[in-house]
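For the sequence shown, full-length UniProt numbering begins at 1 and goes up steadily by one. Glycine included, every Cβ here is placed at the ideal spot set by N, Cα and C. Below is one structure; the comments refer to it alone.
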Amino acid sequence: MPSNTGLNVKGAKGFTLVELILVIIVLGIVSVGVAGFVRSAMFAYIDMTERESLLREGSFFVERFTRELADSVPNSVRITGDANTHCLQFVPLNWNTYYLNIPKVGDTPAVVDLVEMHNDLQGLTYVPDNNDVAIVFPLTPDHVYGVSNPANADDVRVRSILSCSDDDSDCATNADSDGVVQLTVNDGFFTDSPARRLYIADSSVSYCVRGGAVYRHESAISATQPLFTSGGSLMAQHLSNVLSPSPALVAGAQDPFRLLDSALRRNAYTQARFIFTRDDEQISFIKEVHIPNVP
């Protein structure tokens with residue numbers, strides 16, 4: 001009887017060395033192609049994420065800046081800076097209202113008859129304090145910041161508010177019988193407003209671009225514009241604007257702030273240009289901000 005314990009290899013099949021090498025080569029080519037596709041998709045996702053992040057950061061800041069600047073005292077924007085820092089300053093509007101009459105320079109008592117400062121939509125009443133100032137018919141930043149005019153020392157359109165009173169001596173009650181309150185200021189105004197508008201404010205705000213970032217500063221209303229080279233609240237990063245030594249004077253420059261004077265067919269407005277750059281991504285925002293209030 002023949003033994004079947006031996007190994008029968010007759011008819012057995014397998015891969016030759018050449019076939020194995022060909023399979024390895026094919027798999028290598030496929031792997032390289034798949035890896036390249038995955039790598040391209042990964043880089044595209046990273047680029048898209050970076051772009052969206054930069055867009056969100058820039059959009060949030062520009063919207064905040066635009067809203068705050070638009071709600072400011074008319075003609076209060078002024079710009080200063082050097083090759084390292086550019087600052088735009090304006091005076092936020094606490095309240096604007098109408099008056100019936102105002103005192104002129106030298107009048108005694110210096111009392112403004114003012115429409116009661118009550119907002120029926122929000123149910124709010126604004127009550128000025130001793131830190132507030134009243135501004136009437138500002139045509140230039142000098143009028144807002146109280147810069148003295150050597151040619152006319154009496155040309156003053158901003159006055160300190162001393163008190164506010166009505167029938168019950170409390171402006172917050174809205175209890176005046178005729179809806180008119182009395183605002184006592186430290187002196188009369190040089191002129192009145194054709195629209196009888198009066199603006200109330202108490203401080204100034206500066207947005208300063210330096211070191212690739214934007215910072216927000218608050219300061220008193222002063223004749224001299226401050227140039228903040230440190231401090232402040234960080235508002236945005238990754239700015240790549242190239243600052244010129246004379247801000248807003250070089251046509252086509254990358255200066256973040258420009259103030260364009262009024263023309264026959266438009267009012268003055270502020271142009272803001274912010275260039276955000278991170279890695280290889282760059283996004284530019286250009287906004288024209290018009291202040292809706294008129295003196």
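What do you get for residue i, buried or exposed, if any count of 16 or more other CB atoms within 10 angstroms of its CB means buried?
i: V127; result: exposed
i: S204; result: buried
i: Y145; result: buried
i: R112; result: At residue 112 the sequence reads Val, which differs from the Arg that was named. V112 should be labelled buried.
i: Q89; result: buried
i: residue 297; result: With the chain covering 1 to 295 only, the question about residue 297 has no answer from this structure.
i: L69; result: buried
i: A236; result: buried
i: V156; result: buried
Take residue i and list the residues in its own chain whose beta-carbon comes closer than 7 Å to its own, dropping the five residues that flank it on each side.
i: K287; result: V62, T66, A272
i: L260; result: A268, Y269, Q271
i: V91; result: S72, V73, S76, V144, A201, S204, I221
i: A110; result: P103, T184, V185, N186, D187, G188
In the structure shown, what three-state DSSP assignment does residue i receive?
i: P141; result: helix
i: G106; result: coil
i: I291; result: coil
i: A70; result: helix
i: V30; result: helix
i: F274; result: strand
i: I21; result: helix
i: E218; result: strand
i: F190; result: coil
i: R210; result: strand
i: V62; result: helix
i: A223; result: coil
Quick one: what's residue i bridged to in DSSP?
i: A253; result: DSSP lists no partner for A253.
i: L259; result: T270
i: F228; result: F228 pairs with nothing; no bridge assigned.
i: R197; result: Y98
Determine whether the Cβ of residue i lies closer than 8 Å to any Cβ atom of chain B.
i: T184; result: Reference to chain B is not applicable here, since this structure consists of a single protein chain.
At a cut-off of 7 Å, is residue i close to the ligand GTP when judged by its beta-carbon and the heavy atoms of the ligand?
i: C171; result: Because no ligand of any kind appears in the structure shown, any question about the ligand GTP cannot be addressed here.
Please report the Cβ distance between residue i and residue j, rounded to the nearest whole angstrom; I am assuming they are in contact, meaning their Cβ atoms lie under 8 Å.
i: N130; j: L93; result: N130 to L93, Cβ: 19 Å. No contact.
i: A134; j: L198; result: 6 Å
i: S240; j: G212; result: 7 Å
Leaving aside the five residues before and after residue i along the sequence, list all residues of the same chain whose C-beta is less than 6 Å from its C-beta, in chain order.
i: V115; result: T97, Y98
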